[in-house]
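Below: one structure, written as structure tokens.
In the numbering used here, the protein residues as written are 5 to 148.
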């Protein structure tokens, strides 16, 4: 993530998730917000912020969405919403004692086993949707 050795949040800082999570916890504690930071409230806030990110892309074509960061105003909105989503996710993890990095690493490993790379697949070929992820299947979870 970050490249430097300064304090997180400053240019060149190592923006490690655990450092950012502690900063968010301190920010909330200093303001007495812990009673409101329940798993239910944080999950709802996370959902709202994710919806605000989706709203930016709602009526864009796939081509327009791929170029969204070319417009400084829109890029700033996208970055703000991504930051809001990540902030609420990290606060949610803090409250429930989840190590977000470890949870993600474990999920990636499970997906690597569930969806192995096949020998016939080429870099330019069309990807096949795993059977369990098709819209008609009872288990429509994405591999992410």
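Glycine included, each C-beta is placed from N, C-alpha and C at the ideal position.
Residues near residue i by beta carbon distance below 7 Å, same chain, minus five either side
{"i": "residue 89", "result": "50, 53, 54 and 57"}
{"i": "residue 94", "result": "21, 24, 25, 28 and 104"}
{"i": "residue 41", "result": "32, 95 and 99"}
Spatial distance of residue i from residue j (CA atoms)
{"i": "residue 103", "j": "residue 97", "result": "7 Å"}
{"i": "residue 30", "j": "residue 108", "result": "24 Å"}
{"i": "residue 64", "j": "residue 77", "result": "15 Å"}
{"i": "residue 150", "j": "residue 74", "result": "Any property of residue 150 remains undetermined from this structure, which presents the chain solely from 5 to 148."}
{"i": "residue 101", "j": "residue 120", "result": "31 Å"}
{"i": "residue 67", "j": "residue 113", "result": "31 Å"}
{"i": "residue 43", "j": "residue 99", "result": "7 Å"}
{"i": "residue 111", "j": "residue 118", "result": "10 Å"}
{"i": "residue 32", "j": "residue 72", "result": "32 Å"}
{"i": "residue 5", "j": "residue 48", "result": "Reliability of the predicted coordinates at residue 5 is poor, the pLDDT of 35 falling under 50, and the value obtained from them is presented with this limitation in mind. Distance between the alpha carbons of residue 5 and residue 48 is about 27 Å."}
{"i": "residue 34", "j": "residue 116", "result": "41 Å"}
{"i": "residue 36", "j": "residue 59", "result": "31 Å"}
{"i": "residue 122", "j": "residue 38", "result": "48 Å"}
Same chain only: Cβ atoms within 6 Å of residue i, ignoring 5 sequence neighbours per side
{"i": "residue 69", "result": "61"}
Same chain only: Cβ atoms within 8 Å of residue i, ignoring 5 sequence neighbours per side
{"i": "residue 86", "result": "57"}
{"i": "residue 46", "result": "92, 95, 96 and 99"}
Original post:
Is there contact between the stretch 76-83 and the stretch 20-29, where contact requires at least three CB pairs shorter than 8 Å?
Top reply: no
**OP:** Entirely within the stretch 59-113 and at least 4 residues each: give me those alpha helix (DSSP H) ranges in chain order.
**Re:** 66-70 and 76-100
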